[in-house]
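Here the structure comes first, spelled out in structure tokens, and everything after it is commentary.
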Amino acid sequence: MALELDGGAVVYQLRNNQPYYLLLESATSGFWGFPKGHVEDKESVIEAAQREIREETGIITKVNDNFSRY
Numbered sequence: 001m002a003l004e005l006d007g008g009a010v011v012y013q014l015r016n017n018q019p020y021y022l023l024l025e026s027a028t029s030g031f032w033g034f035p036k037g038h039v040e041d042k043e044s045v046i047e048a049a050q051r052e053i054r055e056e057t058g059i060i061t062k063v064n065d066n067f068s069r070y
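Next comes the structure, spelled out in structure tokens:
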């Protein structure tokens, strides 16, 4: 069984020191979650996460110091 590598992110904006989080509703399941998707050839996990966010929302993101992998 082949492992599949995905990239995703918790997207937020601070307004008056209050975080507002971006959740997307799945068109197939109806569940809500953070933007994510498959890592394509020669793409890093960070690049995949940024591409998926851009494709799904039109938002261009930047990575902050809180980035981690798990």
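Just so you know, we're using full-length UniProt numbering here: the sequence shown kicks off at 1 and counts up by one. Backbone N, C-alpha and C fix where the C-beta goes; we use that ideal spot for every residue, glycine too.
- For residue 7, the enclosing beta strand (DSSP E) has its first and last residue at 6-8.
- The Cβ atoms of residue 20 and residue 34 lie no closer than 9 Å to each other.
- Between residue 36 and residue 58, the CB-CB gap reaches or exceeds 9 Å.
- Under the three-state reduction of DSSP, residue 25 is assigned to strand.
- Just so you know, the alpha carbons of residue 10 and residue 2 end up roughly 26 Å apart.
- Annotation: the region 33-57 contains the following complete segments of the alpha helix (DSSP H) (minimum length 4 residues), in chain order: 45-57.
- Beyond the five residues adjoining it in sequence on each side, residue 17 comes within less than 6 Å, by CB distance, of no other residue in the same chain.
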